[in-house]
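Since the structure comes first, as structure tokens, the remarks are kept for the end.
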Amino acid sequence: MSTTEIDTTELGEKIVKVLKTIFDPEIPVDIYELGLIYDVFVNEDSEVKILMTLTTPNCPVAESLPLEVEEKVKSIKLVKDAEVEITFDPPWSQDLMSEEAKLELGML
Numbered sequence: 001m002s003t004t005e006i007d008t009t010e011l012g013e014k015i016v017k018v019l020k021t022i023f024d025p026e027i028p029v030d031i032y033e034l035g036l037i038y039d040v041f042v043n044e045d046s047e048v049k050i051l052m053t054l055t056t057p058n059c060p061v062a063e064s065l066p067l068e069v070e071e072k073v074k075s076i077k078l079v080k081d082a083e084v085e086i087t088f089d090p091p092w093s094q095d096l097m098s099e100e101a102k103l104e105l106g107m108l
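If you're matching positions, the sequence shown starts at 1 in full-length UniProt numbering and goes up one per residue.
This is the structure we're talking about:
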């Protein structure tokens, strides 16, 4: 295992930590536990691409949330660049929420 692989895994964990500090304004659960983050890609150059969705296409934070994700991920020291791509395929559903999120919202 090369050191690069370890670094990208470590960086991935740091990114997830940061994502867990970002909340959907309408739901008191962070976007990671809500299941809004579909994928996080980190390449050898420490460039990050995040594939995420929103709870609805006309979500009030459709403009600001992806920007907040991008800014916060870019603020991680080892990240050279970050890009957020929004997708609605598959559309978000409550099934994507973690057990923790469902518990928090009284759905369990």
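Even for Gly, the Cβ is constructed at its ideal location relative to N, Cα and C.
Apart from the 5 residues on each side of it in sequence, Gly12 sits with its Cβ closer than 7 Å to the Cβ of Val40, Val42 in its chain, given in chain order. If only uninterrupted alpha helix (DSSP H) runs of at least 4 residues are considered, those enclosed by the UniProt domain "MIP18 family-like" (13-86) are 64-74.
Per DSSP, the continuous alpha helix (DSSP H) segment holding Leu103 begins and ends at 99-104. One alpha carbon belongs to Ser75, the other to Ile27, and they sit about 24 Å apart. Within the same chain, Lys80 come within 7 Å of Asp45 by CB-CB distance, once the 5 residues on both sides are set aside. By the neighbour-count definition (other C-beta atoms within 10 Å, threshold 16), Asp95 is an exposed residue. If you compare the alpha carbons of Phe23, Ile50, Ile22, Leu54 with that of Leu36, the shortest gap goes to Leu54. By the CB criterion at 8 Å, Val16 and Ala101 fall outside the cutoff. Considering only Glu83, Val61, Glu104, Leu51, the residue with the shortest C-alpha distance to Asp89 is Leu51.
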